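Trainee:
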Amino acid sequence: MIHKNRNKEFVLSVTVDFPDDIIYGPFSLKLIDEIMCQIRYMGATRVYWLYYGDVEQDSYWAGNIYIYNGVFTYGSKTISDIGEPLKAAVPIAHKHGLEIYGVIKPYNLGMSGSHSEGSDLFNPNGIQRIGGNVGQTIPFLDKYPHTRMKRKSYDGPDYSSLNIDRIKLLNKDNSPTRIKSENIQIWVSNNNFKYKKIDIKPKFNKSIELAQKKTTDYYGETVTEFGQPVSTITLDDINIKEKYVLVTTDFEDDSGDFINTAVSMIQPYHKSKIIPSEVANLSTVWHRPRNFRTGGLEFDSGFGTLQCSLDSSNKPPEVINRWNAIQRGGIIAVAKGLNDYLPSTPCEMYPEVQKLWDGWVDRVLATGVDGIDIRISSHGNLVDAPYEYGFDAPTIEKFINENGYEPTDNQEDKIKLSNIRGRTYTEFIRKSSSKARKLGKEFHFHMHTEAFRKNPVHGQILGFPPNITFDWGKWVNEKLIDGSTFRTSWFEGWEDPPNENANRQSLKRSLGDPIAEEALSKLNQNKIPLYLNRYIGRSVGLDQYLDDYESTFNDSRFAGFDVYEFSDLAHATSDGLKLNEIKNQIIEIRKKSIQLGLL
Numbered sequence: 030m031i032h033k034n035r036n037k038e039f040v041l042s043v044t045v046d047f048p049d050d051i052i053y054g055p056f057s058l059k060l061i062d063e064i065m066c067q068i069r070y071m072g073a074t075r076v077y078w079l080y081y082g083d084v085e086q087d088s089y090w091a092g093n094i095y096i097y098n099g100v101f102t103y104g105s106k107t108i109s110d111i112g113e114p115l116k117a118a119v120p121i122a123h124k125h126g127l128e129i130y131g132v133i134k135p136y137n138l139g140m141s142g143s144h145s146e147g148s149d150l151f152n153p154n155g156i157q158r159i160g161g162n163v164g165q166t167i168p169f170l171d172k173y174p175h176t177r178m179k180r181k182s183y184d185g186p187d188y189s190s191l192n193i194d195r196i197k198l199l200n201k202d203n204s205p206t207r208i209k210s211e212n213i214q215i216w217v218s219n220n221n222f223k224y225k226k227i228d229i230k231p232k233f234n235k236s237i238e239l240a241q242k243k244t245t246d247y248y249g250e251t252v253t254e255f256g257q258p259v260s261t262i263t264l265d266d267i268n269i270k271e272k273y274v275l276v277t278t279d280f281e282d283d284s285g286d287f288i289n290t291a292v293s294m295i296q297p298y299h300k301s302k303i304i305p306s307e308v309a310n311l312s313t314v315w316h317r318p319r320n321f322r323t324g325g326l327e328f329d330s331g332f333g334t335l336q337c338s339l340d341s342s343n344k345p346p347e348v349i350n351r352w353n354a355i356q357r358g359g360i361i362a363v364a365k366g367l368n369d370y371l372p373s374t375p376c377e378m379y380p381e382v383q384k385l386w387d388g389w390v391d392r393v394l395a396t397g398v399d400g401i402d403i404r405i406s407s408h409g410n411l412v413d414a415p416y417e418y419g420f421d422a423p424t425i426e427k428f429i430n431e432n433g434y435e436p437t438d439n440q441e442d443k444i445k446l447s448n449i450r451g452r453t454y455t456e457f458i459r460k461s462s463s464k465a466r467k468l469g470k471e472f473h474f475h476m477h478t479e480a481f482r483k484n485p486v487h488g489q490i491l492g493f494p495p496n497i498t499f500d501w502g503k504w505v506n507e508k509l510i511d512g513s514t515f516r517t518s519w520f521e522g523w524e525d526p527p528n529e530n531a532n533r534q535s536l537k538r539s540l541g542d543p544i545a546e547e548a549l550s551k552l553n554q555n556k557i558p559l560y561l562n563r564y565i566g567r568s569v570g571l572d573q574y575l576d577d578y579e580s581t582f583n584d585s586r587f588a589g590f591d592v593y594e595f596s597d598l599a600h601a602t603s604d605g606l607k608l609n610e611i612k613n614q615i616i617e618i619r620k621k622s623i624q625l626g627l628l
């Protein structure tokens, strides 16, 4: 349908990431019907529905996110009632005159958050990482844990057996700190659970040193320049044998002055040598807020590049504003040793992984969807040093076969490794596009402008597999693509803290980014319809969101606007009988659709 003020069709769509919906209540087919009614009521003509694998747990292609009770409370009941959700949703969407696309996240084989070793939820047979086991991974990884993206090899002893005899704390600059010897507390644990304060009086020394490296934060902003004077605190003569060591203070306010990123704030030593270690503060994505007195910490959380203060309160906030349960200082902790793999992100070079992905594509197409959309971002790769990963045996073997030598750590060899992996991923795109088109379905991909760039900052690469070239230009040149979901948002829409005004998340700024402009130009030149995907319920308020919807409608570069996601628009009641709208957003979007002539 051609609408006023436009010379081509415009599609309003809504994405349903169904695990987020079953947090609040169970879903029957009747309630899914109500989702489609509400989506149609807003003026939308398309649904994007995320797929998470077979519900039969003995299947090679099984997923289990819906039966992970740690978060998705009503998943088991929902699955027992409706079966695999995408298959259930397709005929209901069509009944309401809606197109429905199945969205596949090939790298999403689980989460990154872990259950602490000492907790009742800890599974010693699960996928392990420093601090505990990964809370949710699909059955495939139980059979093939080696297919996860591997950290590059490093030499050294069993670091977990080394005593820590010195800890150095580093401020981001040389500003004075209020921390004195009597303020310091050290807590320890052997199982990352219910830390115990130890009675120890370390030798305490403050000094000014020159920074040994440049430090940047989550947002890519410079925190400390190489060679810049910084204030340090050294705790000597401590001889701590426990694996998990936590430093905090007795301050109970939030006006701390000893500030740095977690990954740059602490250095544990054994006989004058730094012990390789993972770090934690109270920042985390899952299972928040954290309390080290009664629970455990999330080491290598992916949020180690956020700036926090050491000398702020270490107690859970009395009032949760969402972000203060995610980005929190008050402590700095180390765990001796390094993680060997990403939590649950696979490497595409393994035949077992390729079989998994191909089967998912087949299953989604078999549901009767109108098309498929491939999204790369996922939740299983949140770590503090992502570029350390992606050095799996098949990739190294392929590199040696092509180049005649083992890869070094120089940039040229890293690019060659990334290109090897990228070629394999492109083959997956080719096969998937061919399968869809043979069935008369459209093949779309997510254009991730936040990550498809040479040097993404930490917040941009978070959620993406590192050290791989996603050659989307080749996909376009080979005419494999029928449409694209255009994304600018970082992980979870957190390019700005959710409790602050939009800055990086401003649509004008996002679309003015050189990478976004380049992508828009190339995709438009190739006449590929672009559908702007935009988070609702995050940094941008509703009024601004509606303005973004309208400006996208009036922007001839775009063919549609995708509301992400439905769970931010309405929640199921706990009895599963109805949906409760949130903040009148559905009504306001409908009003805007009427104004634009979509209804």
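Numbering-wise, the sequence shown is residues 30 to 628 according to our numbering.
Built from N, CA and C at the ideal position, the CB exists for glycine as well.
Because the structure is a prediction, the values reported are computed rather than measured.
1) So what does DSSP say about residue 65, is it helix, strand or coil?
2) Taking the beta carbon of residue 468 as the centre, do at least 16 other beta carbons fall within 10 Å, making it buried, or is it exposed?
3) Any idea which residues DSSP pairs residue 234 with across the strands?
4) So what does residue 41 bridge to, in DSSP terms?
5) Applying the criterion that 16 or more other CB atoms from any shown protein chain within 10 Å of the CB defines a buried residue, is residue 426 buried or exposed?
6) Hey, quick one: how far does the beta strand (DSSP E) through residue 315 stretch, first residue to last?
7) Looking at residue 497 and residue 416, is the spacing between their C-beta atoms short of 9 Å?
8) Quick check on the burial criterion: 16 or more other C-beta atoms within 10 angstroms. Buried or exposed for residue 313?
9) Just curious, the beta strand (DSSP E) that residue 289 is in, first and last residue?
10) Given 8 Å as the limit, is there contact between the segment 275–286 and the segment 206–221, that is, 3 or more CB pairs closer than that?
11) For residue 124 and residue 598, I'd like the C-alpha separation in whole angstroms.
12) Starting from the C-beta of residue 226, find all residues in its chain whose C-beta is less than 8 Å away, skip the five residues before and the five after it, and write them out in chain order.
13) When DSSP labels each residue in this structure, what does residue 577 get in the three-state scheme?
14) Which residues share a DSSP beta bridge with residue 193?
15) According to the Cβ coordinates, are residue 220 and residue 146 closer than 9 Å?
16) Hey, residue 561 and residue 520: beta-carbon distance below 9 Å or not?
17) Return the residue from the list 262, 189, 457 and 187 that minimises the CA-CA distance to residue 200.
18) From residue 255 to residue 212, what distance separates their C-alpha atoms?
19) What residue range is occupied by the uninterrupted alpha helix (DSSP H) comprising residue 424?
20) Counting along the chain, where does the alpha helix (DSSP H) carrying residue 545 start and finish?
21) The alpha helix (DSSP H) that contains residue 100, what's its start and end?
22) Measuring alpha carbon to alpha carbon, tell me which of 232, 81, 176 and 100 ends up nearest residue 369.
23) Go through its chain and collect everything with a Cβ distance to residue 251's Cβ below 8 Å, but skip five positions before and after it.
24) With H, G and I counted as helix, E and B as strand and the rest as coil, what does DSSP make of residue 47?
25) Taking the straight line between their C-alpha atoms, what separation do you get for residue 223 and residue 150?
26) Buried or exposed: which applies to residue 44, given that a residue is buried once 16 or more other Cβ atoms fall within 10 Å of its Cβ?
27) So, with DSSP's three-state summary, where would you put residue 165?
28) So, is residue 347 buried or exposed, given that buried needs 16 or more other C-beta atoms within 10 angstroms?
29) Which of helix, strand or coil does DSSP assign to residue 302?
30) Do residue 234 and residue 265 come within 9 Å of each other at the CB atom, strictly closer than that value?
31) Return the residue from the list 620, 572 and 566 that minimises the CA-CA distance to residue 596.
32) My understanding is that residue 54 touches residue 103, with C-beta atoms under 8 Å, so please give their C-beta distance in whole angstroms.
33) Please give the ranges of any beta strand (DSSP E) in the segment 104–192, keeping only runs that are unbroken, at least 3 residues long and fully inside the region.
Mentor: So, to answer that:
1) helix
2) exposed
3) 263
4) 590
5) exposed
6) Where residue 315 is concerned, there is no enclosing beta strand (DSSP E), given that its DSSP letter is neither H nor E.
7) no
8) buried
9) 288–290
10) yes
11) 22 Å
12) 214, 215 and 216
13) helix
14) 269
15) yes
16) no
17) 262
18) 29 Å
19) 422–432
20) 543–554
21) It is not in any alpha helix (DSSP H) - residue 100 carries neither H nor E in the DSSP assignment.
22) 176
23) 243, 244 and 245
24) helix
25) 14 Å
26) buried
27) coil
28) exposed
29) strand
30) yes
31) 566
32) 6 Å
33) 128–133, 143–145, 161–163 and 177–179
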